[in-house]
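K.L.:
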Amino acid sequence: MANAEFELAKGSVFIDSDVVARIAGFAATMSYGVVGMAYRSKTDTMANLLKRENLAKGIKVNITDDNKISVDVHVIIEYGVNINVIGKSIIKNVKYQVSHMTGLDVEQVNVCVEGFRVQEQE
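Our numbering puts the first residue of the sequence shown at 7, with every later residue one more than the last.
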């Protein structure tokens, strides 16, 4: 994962890819039908065992040299919801939040539904 960099008249601004991942993770978890984030790799699983869990769990960010962003979002959804509708909602939310907070162009958001959970009725 690379970092984004802006050259300004009086200095530079660097945005760490982990910051972008946290923004994307927050946006994804706020989407209707998402009940959790899935691990994107075995490294994530080990991090959870070491209690290093955060909003970037289940998020992979790639920032190109010209500050274009692509995001992979690994989610667990609620049983019974329309996966296509949930996916579109996640894409819209992640693109908006990342673009709004960083000023960067989000070229692509890929949603990977890793599983579902049945919500207990009260």
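Backbone N, C-alpha and C define an ideal beta-carbon position, used for all residues, glycine too. Here the structure is a predicted model, which is why all the values come from computation and not from measurement.
Look at the alpha carbon of A44 and the alpha carbon of F20, and state the distance between them as a whole number of angstroms.
P.N.:
Taking the sequence shown and counting its residues from 1, the one referred to as residue 44 is at position 38. Taking the sequence shown and counting its residues from 1, the one referred to as residue 20 is at position 14. Here the alpha carbon of A44 sits roughly 28 Å from the alpha carbon of F20.
K.L.:
Taking the alpha carbon of G109 as the reference point, which residue from R123, I75, G31 has its own alpha carbon closest?
P.N.:
On the sequence shown, residue 109 is found 103 positions in, with the first residue counted as 1. Shortest Cα-Cα distance from G109 to any of R123, I75, G31 involves I75.
K.L.:
So, is N99 buried or exposed, given that buried needs 16 or more other C-beta atoms within 10 angstroms?
P.N.:
Here residue 99 is taken as the residue at index 93 of the sequence shown, counted from 1. That one is buried.
K.L.:
Using only the alpha-carbon positions, how far apart do S105 and D111 sit?
P.N.:
One-based indexing of the sequence shown puts residue 105 at position 99. One-based indexing of the sequence shown puts residue 111 at position 105. Whole-angstrom Cα-Cα distance: 6 Å.
K.L.:
Any C-beta of chain B sitting closer than 8 Å to the C-beta of I92?
P.N.:
Looking at the structure shown, chain B is missing, and only one protein chain is on hand.
K.L.:
Name the DSSP bridge partner or partners of S95?
P.N.:
Taking the first residue of the sequence shown as 1, we reach residue 95 at position 89. None, per the DSSP bridge assignment.
K.L.:
If you follow the alpha helix (DSSP H) that A34 is in, where does it begin and where does it stop?
P.N.:
Working through the sequence shown from its first residue, we reach residue 34 at position 28. Run containing A34: 23-35, per the alpha helix (DSSP H) assignment.
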